[in-house]
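Report on one structure; see the data block that follows.
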Amino acid sequence: MNIHRKPTDVEQVIAYMQQPATLTLTGKLQEKLERWDCCDNLIRQYGRYSTVVEMLMKKFGCSKATAYRDIQATEQVFGSINRTQKEYWRMILREMMLETRDLAKQNEDLRTMTAAEKNLMQLMQLDQQDPELPDYSELQPADITLGFFPELLKVELPEEKELKRQIAKLKEVKRKTNLNVDQLEEAKIIP
20 MNIHRKPTDV EQVIAYMQQP ATLTLTGKLQ EKLERWDCCD NLIRQYGRYS TVVEMLMKKF
80 GCSKATAYRD IQATEQVFGS INRTQKEYWR MILREMMLET RDLAKQNEDL RTMTAAEKNL
140 MQLMQLDQQD PELPDYSELQ PADITLGFFP ELLKVELPEE KELKRQIAKL KEVKRKTNLN
200 VDQLEEAKII P
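Per my numbering, the sequence shown starts with residue 20, numbered consecutively.
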């Protein structure tokens, strides 16, 4: 059984878009990326799937099923990694609302302009209070205590004098490697 799977076309295109200097696409994948880029532009311009499907079929000579698959792939490639569809549509709606607002402003239609601004404000969640965030300056790193239990490891502890010599040697090595020795505390033997 092969547990390694070949990356999907979408995964390969996303990887290529993240590192175009180091990766290359095959001819077929390059064609798909061009179709998906065109599909992304059509979705932004027209919004309706049915319109986009018809235009993709006409432009690329593909089937209806392929056009719908291209729309789905477009959302994965050009949308956010988390919550892909929601973020993708939020971005498209934002652009549409801004276009509506600009058109209303040109036509001096204050009612439509105000409605577009209100919808944009709600979409961007500017009408909601920000959650209370902690004061990050007050956060302190946690103390880390390492324990050594010789009885569990069945190891003899060195004499206290020998232990202090080993700790001093360790501190000297750390000093030579420019590590912050001041943060080291003396080892304590806890009975």
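All C-beta atoms, glycine included, are put in the ideal place defined by N, C-alpha and C. As the structure is a prediction and not an experimental result, all values here were calculated from the model.
Span of the alpha helix (DSSP H) around residue i
i           : result
residue 161 : Residue 161 -> no alpha helix (DSSP H), and no H or E assigned at all.
residue 79  : 68-79
residue 134 : 129-142
residue 98  : First-last for residue 98: undefined, no H or E at that position.
residue 34  : 28-37
residue 150 : Where residue 150 is concerned, there is no enclosing alpha helix (DSSP H), given that its DSSP letter is neither H nor E.
residue 190 : 179-195
C-beta contact flag for residue i and residue j at 8 Å
i           : j           : result
residue 115 : residue 66  : yes
residue 217 : residue 145 : The structure shown does not extend to residue 217, since the chain is modelled only from 20 to 210, so the question has no answer here.
residue 86  : residue 75  : yes
residue 52  : residue 72  : no
Same chain only: Cβ atoms within 8 Å of residue i, ignoring 5 sequence neighbours per side
i           : result
residue 101 : Note that residue 101 scores a pLDDT of 42, beneath 50, so its modelled location is shaky; the value from the coordinates is reported in the next line. No residues qualify anywhere along the chain.
residue 29  : 92, 95, 96
residue 142 : 109, 112, 113, 116
Cβ shell of residue i (< 7 Å), same chain only, five flanking positions each side left out
i           : result
residue 163 : none
residue 59  : 93, 97
residue 88  : none
Residues of its chain near residue i, where Cβ-Cβ distance is below 6 Å and the 5 sequence neighbours each way are ignored
i           : result
residue 166 : none
residue 196 : none
Any 3 or more C-beta pairs closer than 8 Å across the region 79-86 and the region 33-46: no
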